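What follows is a short report on a single structure.
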Amino acid sequence: MKEIIFFFELHQPRRIKRNFGRKYTYQGGVEDIYFDDELNREILHRVANHCYMPGLENLLKSAEEDGFKCALGVSGIFLEQCSWWEPKIIELIRELVTSGACELVAETYYHSLACMVNFDEFKEQVGAHRKIIKELFGQEPLTAENTEFIYSNDIAKVFEEMGFKVVLTEGVERILGWRSPNYVYRAKGSEVSVLMRNYMLSDDIGFRFTCRDWNEWPLTTEKYADWLHRSPGDLILIAMDFETFGEHHWPDSGIHEFMRAIPKEVNKCGDMRFSTPSEAVSRLQPVDEVDVPEAISWADLERDLSAWLGNDMQRHCFEVVKYLEPMAKSMGGRFLRAWRYFTTSDHYHYMSTKGGGAGAVHSYFSHFNSPIEAFLSLTWVLADFRYRLYEAMGDRAIYYRMLFGDLPETHAFHFYSGFAEPIGVSVKNLTELREALTR
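Its first residue numbered 1, the sequence shown is counted upward by one per residue in full-length UniProt numbering.
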């Protein structure tokens with residue numbers, strides 16, 4: 001029997017205010033002044049009506065009537081917003097979990113780029129997410145995914161250290177070579193099982209369902225079930241944003257009816273069954289090792305980190321966020337929470353200047369008028385946050401800046417073995433200087 005695994009990601013960022021610092025003078029706490037919660041509430045209400053409520057109700061019906069199973073990735077900040085404004089969504093997820101038809105997948109609480117800050121922060125955010133999943137739904141995740149399926153050998157090792165058995169990521173062709181994503185693989189350097197997304201079959205629903213110039217349009221349930229049936233391998237991981245159903249593809253496109261009918265068509269084939277990631281791995285053995293020395297993701301054509309860190313604006317803002325980490329952690333509380341919101345991947349996604357289809361996707365998700373506006377807004381937010389952080393720390397701020405703050409590369413101290421003979425070692429703070437001198 002071929003294992004069919006559907007994975008859906010539910011996430012809404014806590015969007016920052018447009019033109020922060022240019023239009024207004026803000027008073028209030030650091031968790032209150034930066035984020036446009038009026039807009040965030042409005043968007044959540046809209047997407048709940050078009051997508052989350054009917055989509056989750058569909059999954060419940062399919063589970064009850066057709067034996068459908070799936071996995072959900074639900075970001076911590078999505079659950080926060082649901083608890084504030086749409087608690088019924090949490091109840092529907094709980095019903096689905098209680099039915100036994102849903103495996104919840106661990107991820108970073110803030111849907112963040114924490115793995116690019118450092119792995120200690122990454123572990124803390126994944127741990128916070130695992131905790132809220134346990135508290136709200138009573139499930140201890142065995143499967144993990146990083147934000148936007150970002151993955152590497154090192155990330156797999158961290159997940160293994162945290163006790164996870166399965167990791168989900170993208171079936172990138174430059175990694176797989178001649179191999180198919182439709183098998184269980186083993187992570188290089190660890191015993192974690194890796195399931196890789198079949199991006200062609202996933203994107204047939206996620207992106208091409210309403211594409212009228214696609215040569216396979218319209219996509220029917222009979223046609224799609226036949227593609228699953230004919231696709232060779234032990235399993236097929238179909239993964240996409242849950243917002244596909246009713247938000248990316250509007251309800252009048254027939255997307256909800258399509259998803260409701262898919263389980264019935266798959267069941268007719270007789271040689272496929274719906275599984276969760278953990279169930280599939282318990283039945284199948286890894287066929288090979290997958291080596292991913294550099295990070296991959298499911299984003300854009302490049303399927304790397306360029307969706308978030310591909311241009312100077314994105315990299316500059318992220319470097320500022322990294323610079324502020326030790327000071328935010330020394331203060332803790334509201335400062336640390338605000339800082340962690342700034343690690344959310346969406347802020348950097350909005351700054352992408354890519355063209356073509358990828359550029360259209362970046363623009364579609366953004367509440368800014370342009371990548372430049374996204375960059376300026378986050379820059380002003382971070383400048384204000386840094387000022388408030390320094391003010392709250394008082395005299396300690398200068399010592400933290402010297403000990404931990406990262407100077408720009410042009411201001412870093414570079415070691416030389418002789419005149420014009422750099423040895424390739426540079427330091428950006430006193431902590432790095434101590435480490436360099438004691439090597």
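Every residue gets a Cβ at the ideal spot worked out from N, C-alpha and C, and that includes glycine.
Because the structure is a prediction, the values reported are computed rather than measured.
- Have a look at Glu3, Lys2, Met1 and Lys17 and flag the residue whose alpha-carbon is nearest the alpha-carbon of Asn369. By one-based count along the sequence shown, residue 369 stands at place 369. With distances taken between Cα atoms, Asn369 lies closest to Lys17.
- Message: Tell me which residues share the same chain as His45 and place their Cβ nearer than 8 Å to its Cβ, disregarding the 5 neighbours each side in the sequence.
- Response: One-based indexing of the sequence shown puts residue 45 at position 45. Excluding sequence neighbours, His45 sits near Trp85 and Glu86.
- Item | CA-to-CA distance, Ala420 to Arg208, given in whole angstroms | Along the sequence shown, read from residue 1 onward, the residue named residue 208 stands at position 208. Along the sequence shown, read from residue 1 onward, the residue named residue 420 stands at position 420. Cα to Cα, the separation comes out at about 56 Å.
- Ile280 versus Ala392: straight-line alpha-carbon distance, rounded: As a first step, residue 280 must be located in the sequence shown, where it is residue number 280. As a first step, residue 392 must be located in the sequence shown, where it is residue number 392. What sits at residue 280 in the sequence shown is Ala, not Ile. Taking the CA atoms as reference points, Ala280 sits about 51 Å from Ala392.
- Message: Considering Cα atoms alone, identify which of Trp339, Thr221 and Leu433 is closest to Val321.
- Response: For the purposes of this step, residue 321 is taken as the residue at position 321 of the sequence shown. Per the Cα distances, Trp339.
- Simplified DSSP state of Pro263, which is helix, strand or coil: Taking the sequence shown and counting its residues from 1, one reaches residue 263 at position 263. Correct three-state label for Pro263: helix.
- Query: Can you tell me the Cα-Cα spacing of Tyr387 and Tyr323, whole angstroms?
  - Reply: As a working note, residue 387 is residue 387 in the sequence shown. As a working note, residue 323 is residue 323 in the sequence shown. Taking the CA atoms as reference points, Tyr387 sits about 13 Å from Tyr323.
- Please name the residue in Val126, Tyr34 and Ala374 whose C-alpha comes closest to that of Gly73. In the sequence shown, counting from the first residue as 1, residue 73 sits at position 73. Comparing Cα-Cα distances from Gly73 to each of Val126, Tyr34 and Ala374, the minimum goes to Val126.
- Counterpart residues of Tyr416 in DSSP-defined beta bridges: Residue mapping note: residue 416 aligns to position 416 of the sequence shown, counting from 1. Bridge partners of Tyr416: Pro422.
- Message: For a test of the three-state rule: what should DSSP assign to Ile175, helix, strand or coil?
- Response: Reading the sequence shown from its first residue, position 175 is the one you call residue 175. Under the three-state reduction of DSSP output, Ile175 falls in the helix class.
- Task: Count the other C-beta atoms from every protein chain shown that fall within 10 angstroms of the C-beta of Pro293, then say buried if there are 16 or more, exposed otherwise.
- Result: On the sequence shown, position 293 is the one that residue 293 refers to. When all chains shown are included, Pro293 counts as exposed.
- Contact belief for Phe149 with Glu135 at Cβ below 8 Å, rounded distance in angstroms: Numbered from its first residue, the sequence shown carries residue 149 at position 149. Numbered from its first residue, the sequence shown carries residue 135 at position 135. About 25 Å separates the Cβ atoms of Phe149 and Glu135, ruling out a contact at the 8 Å cut-off.
- In angstroms with no decimal places, state the Cα-to-Cα distance between Glu302 and Tyr151. As a first step, residue 302 is located in the sequence shown; it is residue number 302 there, counting from the start. As a first step, residue 151 is located in the sequence shown; it is residue number 151 there, counting from the start. Approximately 14 Å between the Cα atoms of the pair.
- Item | Nearest-angstrom beta carbon gap, Thr221 and Ile262 [assumed within contact, 8 Å] | On the sequence shown, residue 262 is found 262 positions in, with the first residue counted as 1. On the sequence shown, residue 221 is found 221 positions in, with the first residue counted as 1. Right, the Cβ-Cβ distance comes to about 5 Å (below 8 Å), so this counts as a contact.
- Any chance the region 177-192 sits against the region 212-227, with 3 or more Cβ pairs inside 8 Å? No, the region 177-192 does not touch the region 212-227.
- Cβ neighbour criterion (16 or more within 10 Å) applied to Lys268: Indexing the sequence shown from 1 puts residue 268 at position 268. By the 10 Å Cβ count, Lys268 comes out exposed.
- Query: In terms of alpha-carbon separation, which member of Glu173, Glu191 and Ser352 lies closest to Pro286?
  - Reply: What you label residue 286 is simply residue 286 of the sequence shown in a count that begins at 1. Nearest C-alpha to Pro286: Glu191.
- Message: Can you tell me where the alpha helix (DSSP H) holding Cys317 begins and where it ends?
- Response: Stepping through the sequence shown from its first residue, residue 317 is reached at position 317. Here the alpha helix (DSSP H) through Cys317 covers Asp312 to Met331.
- Message: Judging by CA-CA distance, which residue of Ala114, Phe137, Thr108 and Glu124 is the nearest neighbour of Ala144?
- Response: Taking the sequence shown and counting its residues from 1, the one referred to as residue 144 is at position 144. Comparing Cα-Cα distances from Ala144 to each of Ala114, Phe137, Thr108 and Glu124, the minimum goes to Thr108.
- Would you list the one or two residues that DSSP bridges to Phe122? Position 122 of the sequence shown, counted from the first residue, corresponds to residue 122. Phe122 is not bridged to any residue.
- Message: For Leu378 and Gln81, I'd like the C-alpha separation in whole angstroms.
- Response: As a working note, residue 378 is residue 378 in the sequence shown. As a working note, residue 81 is residue 81 in the sequence shown. Separation of Leu378 and Gln81 (C-alpha to C-alpha, rounded to the nearest whole angstrom) is 21 Å.
- Message: Within 10 Å of its beta-carbon, does Glu9 have 16 or more other beta-carbons around it, so buried, or fewer, so exposed?
- Response: Position 9 of the sequence shown holds residue 9. Classification for Glu9: buried.
- Message: Using 8 Å for Cβ pairs, my map puts Val290 next to Lys188. What's the rounded Cβ distance?
- Response: To locate residue 290, count along the sequence shown from 1; it is residue 290. To locate residue 188, count along the sequence shown from 1; it is residue 188. The Cβ separation is near 7 Å, so the contact holds.
- Message: I'd like to confirm the pairing. Which residues does DSSP put opposite Lys2 in its beta bridges?
- Response: Taking the first residue of the sequence shown as position 1, residue 2 is located at position 2. Met272.
- Note down the Cα distance separating Phe68 from Glu243, rounded to an integer number of angstroms. Within the sequence shown, the letter at position 68 stands for residue 68. Within the sequence shown, the letter at position 243 stands for residue 243. Straight-line Cα distance between these residues: approximately 19 Å.
- Below 8 Å on the Cβ atoms is my guess for Pro326 versus Met351; work out the distance and round it to an integer in Å. Residue mapping note: residue 326 aligns to position 326 of the sequence shown, counting from 1. Residue mapping note: residue 351 aligns to position 351 of the sequence shown, counting from 1. Between the beta-carbon of Pro326 and that of Met351 there is about 24 Å, and that puts the pair past the 8 Å contact cut.
- Item | 8 Å Cβ cutoff met for Ile5 and Thr276 | Looking up residue 5 in the sequence shown gives position 5. Looking up residue 276 in the sequence shown gives position 276. In this structure, Ile5 lies near Thr276, with their beta-carbon atoms less than 8 Å apart.
- Query: Name the DSSP beta bridge partners of Cys102, please?
  - Reply: Here residue 102 is taken as the residue at index 102 of the sequence shown, counted from 1. BP columns for Cys102 point to Cys70.
- Task: May I ask which residues mark the beginning and end of the alpha helix (DSSP H) holding Glu302?
- Result: In the sequence shown, residue 302 corresponds to position 302, counting from 1. Glu302: not part of any alpha helix (DSSP H); DSSP gives it neither H nor E.
- Item | Alpha-carbon to alpha-carbon, Arg15 and Arg396 | As a working mapping, residue 396 is identified with position 396 in the sequence shown. As a working mapping, residue 15 is identified with position 15 in the sequence shown. The alpha-carbon atoms of Arg396 and Arg15 are separated by roughly 31 Å.
- CB of Lys165 within 8 Å of CB of Ser193, strictly: In the sequence shown, counting from the first residue as 1, residue 165 sits at position 165. In the sequence shown, counting from the first residue as 1, residue 193 sits at position 193. In contact: Lys165 and Ser193 (Cβ atoms closer than 8 Å).
- Grab the span of the alpha helix (DSSP H) containing residue 486 for me, first residue to last. In the structure displayed, the chain extends from 1 to 439; residue 486 sits before or after that span and is not available.
- Length of the line joining the Cα atoms of Ser99 and Phe20: Counted from its first residue, the sequence shown places residue 99 at position 99. Counted from its first residue, the sequence shown places residue 20 at position 20. Distance from the CA of Ser99 to the CA of Phe20, rounded to the nearest whole angstrom, comes to 45 Å.
- Query: Which residues share a DSSP beta bridge with Arg41?
  - Reply: Here residue 41 refers to the residue found at position 41 of the sequence shown. Beta-bridge partners assigned by DSSP to Arg41: none are found.
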